[in-house]
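I have placed the structure first, in the form of structure tokens, so that the comments after it can refer back to it.
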Amino acid sequence: MRDAGEDRLDRHALVIAVWLAAGVPALVGFRLAFGAGGPIWLGLGFGAFLSGFAAHLIVNAVTATGFTPREVALGLVLALAGILALPLATLMVPGFGARYLIPLAGGAAVLVAAALTAMVIRHGPRRSLELFDAARDTNPRRANRLTHRGGRK
Numbered sequence: 000m001r002d003a004g005e006d007r008l009d010r011h012a013l014v015i016a017v018w019l020a021a022g023v024p025a026l027v028g029f030r031l032a033f034g035a036g037g038p039i040w041l042g043l044g045f046g047a048f049l050s051g052f053a054a055h056l057i058v059n060a061v062t063a064t065g066f067t068p069r070e071v072a073l074g075l076v077l078a079l080a081g082i083l084a085l086p087l088a089t090l091m092v093p094g095f096g097a098r099y100l101i102p103l104a105g106g107a108a109v110l111v112a113a114a115l116t117a118m119v120i121r122h123g124p125r126r127s128l129e130l131f132d133a134a135r136d137t138n139p140r141r142a143n144r145l146t147h148r149g150g151r152k
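Per numbering that gives the first Met the number 0: the sequence shown ends with 152, consecutive numbering throughout.
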């Protein structure tokens with residue numbers, strides 16, 4: 000019989016394998032795009048990154064788990080780094096905004112849409128919005144636990 004520790008380790012190894020298989024082509028696509036390749040390589044990089052995210056969702060579905068808090072934190076840090084890098088590169092690198100701003104913003108919008116779609120599919124529309132409601136969690140009341148009302152209105 001398998002224990003929970005082995006299952007967590009197997010899931011972790013599978014997630015690492017998925018992101019290595021998708022991350023290397025994504026990084027190569029981004030590198031070629033910023034070198035001299037242009038927006039087509041940028042699209043391929045975003046496509047590889049999106050396929051890694053989809054494969055991670057499949058791993059979560061097969062293992063009947065969700066994203067771990069560390070995975071969520073890593074994803075938020077990487078998203079924040081990308082969000083900060085885009086305006087900084089636009090301001091500091093001559094010609095960067097004219098060439099890459101629209102493709103990068105479009106790729107980022109597709110990634111955000113994919114994450115929101117995954118949340119709606121997994122949790123439903125109402126629970127997905129409740130995940131962003133931090134004020135509800137800091138003010139617990141008896142009405143929050145009423146299942147027939149769906150929580151406090």
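We put the CB at the ideal spot given by N, CA and C, even for glycine.
Keep in mind that this is a model prediction, so the values were computed, not measured.
Work out the CA separation of residue j and residue i for me, nearest whole Å.
i      : j      : result
PHE29  : PHE45  : 8 Å
ALA112 : ASP2   : 36 Å
ALA35  : LEU87  : 20 Å
LEU13  : ASN59  : 10 Å
PHE84  : ILE101 : According to the sequence provided, residue 84 is Ala. The question's Phe does not apply to it. Straight-line Cα distance between these residues: approximately 14 Å.
MET91  : GLY123 : 41 Å
ASP132 : LEU115 : 15 Å
PRO93  : ALA108 : 24 Å
VAL23  : LEU110 : 17 Å
VAL76  : LEU19  : 18 Å
VAL153 : GLU70  : The chain is shown only over 0 to 152; residue 153 falls outside these bounds and no answer can be derived.
ALA97  : PHE52  : 29 Å
GLY37  : VAL119 : 33 Å
LEU130 : TYR99  : 33 Å
Count the other CB atoms within 10 Å of the CB of residue i; is the residue buried (16 or more) or exposed (fewer)?
i      : result
ASN73  : In the sequence on display, residue 73 carries Leu and not Asn. Under this definition LEU73 is an exposed residue.
ALA104 : exposed
GLY4   : exposed
Less than 7 Å separating the beta-carbons of residue i and residue j?
i     : j     : result
ARG10 : THR89 : no
ALA25 : PHE48 : yes
SER50 : ALA21 : yes
Under 6 Å Cβ to Cβ from residue i, same chain only, skipping five residues before and after it: list those, please.
i      : result
ALA54  : VAL17
THR191 : With the chain running from 0 to 152 in the structure shown, residue 191 is simply not present.
LEU41  : ALA32, PRO102
GLY106 : PHE45
LEU8   : none
Might you give, ordered along the chain, the residues of its own chain that have their beta carbon closer than 8 Å to the beta carbon of residue i, omitting 5 neighbours on each side?
i     : result
ASP6  : THR62
THR67 : none
Residues in the same chain with beta-carbon distance under 7 Å from residue i, minus the five sequence neighbours each way, listed in chain order, please.
i      : result
ALA117 : LEU56
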